[in-house]
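Undergrad:
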Amino acid sequence: MNIVVLTGAGISAESGLGTFRDVDGLWTKYDLNDVATPEGFARNPELVQDFYNRRRANARRAKPNAAHEALARLEAADGVSLSLVTQNVDDLHEQAGSCNVIHMHGQLARALCGACAHRWDAGEMMAVSDPCPACGRPATRPDVVWFGEMPYHMDRIFALLLAADLFVSIGTSGSVYPAAGFVAEARCSGVETLELNLEPSENHHVFDGGRYGPASEVVPLWVADVLGGAG
Ligand code: BJW
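Residue numbering for the sequence shown follows the numbering used here, beginning at 9 and increasing consecutively.
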């Protein structure tokens, strides 16, 4: 069975990393226009670097939970081809043992040169004045995708969606495009669709089915069903 899984902040919530749009989410503490747009970065790069330096430090302390571990088991299982697309910038899927993770919104652990687009491993603290190892210019930014920027690996992701037997969305509010549109894209191609989330998302009516509860409970149960042949 060919499965494409999309994960969002909800899968990492029980690992202690905040979501964006829940009642205590990051967007209740920060204005996304200030910290998650190229315009915000141009206005106040220090604020943006501070936001990501704090999140990088939190992410380095975080450990994968039972949901990340269940997806790693699914990837390793015979008879299953799993493509794991994540909107998350943490590395908890990799820490859990997933090998093939597509980070469509980039990674906290990577730096990007705003001048020459060179990428490298980020230190724990990053500053705009850090020189790029390739061109030497001081234009360092986090290698993450902000609003108005093109998410990464889109051609590959759409090709995977069209070839899937099942599309599963886990822990995402379905409010940010293009990821929020994957379910409709999959359905149009006749792919079965399933949502696993704490509660029904904005898009829940587009899915063929849903299972609701904390990811650390719902995801391992779903994986056990797939591996047991129940689908
Ligand atoms: C649990 C749980 C538990 C909690 N267990 N579940 C109008 C229409 C259509 C599009 C647009 C539009 N106006 C503007 C746009 C485009 C814009 C967009 O979508 N804006 C919306 C606000 C409308 N999108 C873009 O600009 C994107 N680029 C783009 O579109 O390029 C053009 C293009 C065109 C065609 C094809 C391709 C491209 C770029 C978007 C970049 C988003 N960047 C961020 C920051 C990344 C770096 C960082 O982490 O700081 O990505 S914003 C933020 O939102 C982050 C996330 O990845 C993303 C999604 O959030 P997510 O993961 O869904 O988190 P939450 O908090 O929203 O939801 C958590 C869920 O978990 C909830 O449902 C909870 O219930 C649940 N949960 N605990 C299970 N224990």
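For each residue, glycine too, the CB sits at the ideal point set by N, CA and C.
1. Mind checking who residue 110 pairs with in its DSSP beta bridge?
2. By alpha-carbon positions, which one of 163, 166, 208 ends up nearest to residue 183?
3. Less than 8 Å separating the Cβ of residue 131 from some heavy atom of the ligand BJW?
4. Starting from the C-beta of residue 137, find all residues in its chain whose C-beta is less than 8 Å away, skip the five residues before and the five after it, and write them out in chain order.
5. Is residue 154 a contact residue of the ligand COA, with contact defined as CB to any heavy atom under 8 Å?
6. Give me the Cα-Cα distance between residue 196 and residue 150, rounded to the nearest whole angstrom.
7. Within this structure, are the beta carbons of residue 105 and residue 80 separated by less than 9 Å?
8. Do residue 134 and residue 57 count as a contact pair if the criterion is CB distance below 9 Å?
9. Have a look at residue 219 and residue 226 and give me their C-alpha separation to the nearest angstrom.
10. Residue 122 to residue 86, Cα distance in whole Å?
11. So, using beta-carbon positions, are residue 93 and residue 187 closer together than 9 Å?
12. First and last residue of the beta strand (DSSP E) that includes residue 128?
TA: Answer, in terms of the structure:
1. 93
2. 208
3. no
4. 146, 148
5. As presented, the structure is devoid of the ligand COA, carrying the ligand BJW as its sole ligands.
6. 35 Å
7. yes
8. yes
9. 7 Å
10. 42 Å
11. yes
12. 127 to 129
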